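Under our numbering, the residues of the sequence shown are numbered 3 to 471, in order.
Shown next, in structure tokens, is the structure this report addresses.
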Amino acid sequence: MTDPSAVVTRFAPSPTGDLHIGGARTALFNLLFARHTGGRFLIRVEDTDRERSTASAVQAIFKGLDWLGIAADAEPVFQHTRANRHREAVADLLALGRAYRDFTTADELEAERVEARAEGRVVRSAWRDRDADQADGRLFVVRFKGPHEGETLVDDLVKGPVRFQNKELDDLVLLRTDGTPTYNLAVVVDDHDMGVTHVIRGDDHLNNAARQSLIYQALDWTVPRFAHIPLIHGPDGAKLSKRHGAQAVGEFAGMGYLPEAMRNYLARLGWGHGDSEIFTDEQAAEWFDIADVVKAPARLDWAKLNHVNQQYIRNADDARLTAIVTEVHRGRGVALHDAALPRLAAATPLVKEAAHTTLELADLTLFVLLTRPLTLDDKTLKRLDPETLGRLGRLAATLAPVKDWAPPSLEAAIRAFAEAEGVGVGRFGAALRGVLSGGTPAPDLASALTALGREESLGRIHDALSPAA
Ligand code: GLU
């Protein structure tokens with residue numbers, strides 16, 4: 003038995019496009035609040051508008067949620083399948099006298115609109131107080147018979163108490179002339195039937211909360227708690243839009259962010275736990291309370307996101323990172339020869355500390371994938387004067403017999419070599435790096451040598467000593 007007092011939250015996306023980070027954060031807050039309270043988290047696809055909803059958007063939304071690791075505790079509900087139930091609720095409202103049939107024609111409605119605008123009031127229907135049970139073949143909509151006096155209080159968990167004057171609310175259409183339910187009606191009926199106790203969503207829906215509260219009351223249903231969270235803004239404080247760069251969750255995935263880093267970062271957009279910057283999913287669930295969400299819009303901060311992602315990359319499993327980075331290289335069309343995988347596996351842990359994204363991790367590991375002989379960049383070529391070439395030759399001879407081909411022994415060997423030569427490592431370090439990497443980014447010398455392995459490292463040095471004619 004489920005506890006009747008238990009919290010039920012839901013994420014209710016309209017499938018008209020990609021899952022954006024604003025929606026993803028709404029989903030995450032709903033999930034965290036459910037976890038925090040020991041409740042349940044549900045998903046409802048609001049596809050009642052058949053013209054604007056697309057199957058590809060449904061797929062994109064679930065793909066985004068899957069990637070982020072956000073899953074519902076039950077099968078998703080598809081709103082359009084529930085149209086009969088929505089009509090049933092409207093029949094109840096009609097029977098209760100809390101809705102009415104409105105036979106106003108399009109021309110009459112237009113005239114009323116003009117008049118209402120001129121008088122500075124909302125549109126009113128002449129059918130509200132008429133008795134008209136017989137349609138007689140005429141087209142009609144069903145409107146909600148809400149109060150026109152007094153006020154409706156939305157006691158929002160984030161915004162605090164917000165009051166709406168009922169005289170400013172027109173009588174909402176519940177069913178269109180073709181019998182299809184409208185959005186606000188469907189939301190109320192579904193939330194009620196799904197047992198939703200807390201509606202956590204973007205604050206662009208705050209006005210709907212007043213209308214929806216009135217429908218709940220008219221149906222003698224318990225009004226859920228509302229929590230309207232401020233939208234996410236761009237770094238400049240303006241509403242997030244295309245010009246701020248990525249918006250869709252899939253774009254963030256493509257930019258090399260790890261899903262767990264994204265979850266951590268999104269959780270902190272508008273919510274936080276003291277100074278805690280990096281936390282586990284369990285900690286987030288333990289700490290998250292919807293009442294702690296701040297009223298001001300959160301700003302997307304790329305530097306912070308990169309920092310968080312860097313921490314997660316640093317702590318990520320090496321085999322997993324290697325697999326991700328291999329895919330990035332493949333996607334970029336880099337040739338992956340036989341030695342590529344072991345070399346990527348060796349290089350990844352050695353360079354991952356420096357990477358803010360897995361794309362950067364790919365940049366930092368590219369050097370191991372180059373094929374001999376490398377095309378050296380101009381800077382490196384300039385460094386290869388006769389003295390340096392001679393020194394690199396002697397260095398190769400020193401390194402060849404190093405027993406343990408790993409950073410500590412290689413580092414020691416390089417230092418001992420520099421001492422024996424009576425120069426600092428700086429005198430040949432940059433040239434060696436260039437010879438090993440062709441000028442692409444590379445880690446410190448010992449790490450670069452380790453990642454390449456003995457044979458490849460010595461081979462690259464020898465190629466530089468005797469360039470093909
Ligand atoms: N379907 C709405 C949207 O995607 C959300 C409605 C709600 O959460 O109540 O904006």
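By construction, the Cβ of each residue, glycine as well, lies at the ideal position given by its N, Cα and C atoms.
Just so we're clear, the structure is a prediction, and the values are computed from it rather than from any experiment.
- Using a Cβ-Cβ distance cut-off of 8 angstroms, the segment 130-149 and the segment 99-119 are in contact, since at least three pairs of beta carbons, one from each stretch, lie closer than that value.
- Following the DSSP letters along the chain, one finds Pro163 in no alpha helix (DSSP H) but inside the beta strand (DSSP E) bounded by residues 162-167.
- For Ala342, there is no enclosing beta strand (DSSP E); the enclosing alpha helix (DSSP H) covers residues 342-353.
- Sorting Asn210, Ala347, Lys384, Trp223 by C-alpha distance to the C-alpha of Leu368 places Ala347 at the top.
- For Pro351, the CB stays at least 7 angstroms from every heavy atom of the ligand GLU.
- Closest by C-alpha distance to Thr39, out of His22, Ala8, Pro17, Gly24, is Ala8.
- In the three-state scheme derived from DSSP, where H, G and I count as helix and E and B as strand, Asp319 is classed as coil.
- Using a Cβ distance threshold of 8 angstroms, Ile463 and Val425 do not count as a contacting pair.
- Beta-bridge partners of Thr282 (DSSP): none assigned.
- A straight line joining the alpha-carbon of Pro163 with that of Glu355 spans about 47 angstroms.
- Just so you know, the alpha carbons of Leu33 and Pro232 end up roughly 17 angstroms apart.
- Approximately 18 angstroms separates the beta-carbon atoms of Val201 and Pro183; this is outside 8 angstroms, ruling out the contact.
- If you ignore the 5 residues before and after Phe146, its C-beta comes within less than 6 angstroms of the C-beta of Ala101, Asp173, Leu174, Leu176, all in its own chain and listed in chain order.
- Under a 10 Å Cβ-count criterion, Glu153 is classified as exposed, with fewer than 16 other Cβ atoms of the shown protein chains found around its own Cβ.
- If you keep only unbroken beta strand (DSSP E) runs of at least 3 residues inside the segment 11-74, you get 42-47.
- Taken through DSSP and simplified to helix, strand or coil, Pro149 comes out as coil.
- For Asp104, there is no enclosing alpha helix (DSSP H); the enclosing beta strand (DSSP E) covers residues 101-104.
- The C-alpha of Phe13 is placed about 11 angstroms away from the C-alpha of Arg42.
- According to the DSSP assignment, Gly204 belongs to the beta strand (DSSP E) that extends over 200-204.
- Cβ neighbours of Thr328 within its own chain (closer than 8 angstroms, five residues either side excluded): Leu338, Ala342, Leu343, Leu346.
- Judged by the Cβ position, Arg84 fails to qualify as a neighbour of the ligand GLU at the 7 angstroms threshold, every heavy atom of the ligand being at least this far.
- For Arg227, the enclosing beta strand (DSSP E) has its first and last residue at 227-231.
- If you draw a 10 Å sphere on the C-beta of Pro15, you find 16 or more other C-beta atoms in it, and that means buried.
- In terms of Cβ geometry, Ser58 and Asp49 do not form a close pair [threshold 8 angstroms].
- Comparing C-alpha distances from Pro403 to each of Leu467, Gly455, Ala432 shows the shortest one belongs to Gly455.
- Nearest in C-alpha terms to Gly99, of all of Asp133, Ala415, Pro388, Asp303, is Asp133.
- With 16 or more other Cβ atoms from the protein chains shown falling within 10 Å of its own Cβ, Glu362 counts as buried.
- Around the beta carbon of Gln136, fewer than 16 other beta carbons sit within 10 angstroms, so the residue counts as exposed.
- Judged by beta-carbon spacing, Val370 lies within the 8 angstroms limit of Ala453, meaning their Cβ atoms are closer than that value.
- In the DSSP annotation of this structure, the continuous segment of the beta strand (DSSP E) that includes Leu176 starts and ends at 175-177.
- In the DSSP secondary-structure assignment, Arg301 is bridged to His235.
- When DSSP states are grouped into helix, strand and coil, Phe80 belongs to the strand group.
- DSSP places Thr154 in the strand class (E or B) of the three-state scheme.
- Relative to the ligand GLU, Val189 has its C-beta within less than 7 angstroms of a heavy atom.
- In this structure, Tyr267 sits near Val310, with a CB-CB distance shorter than 8 angstroms.
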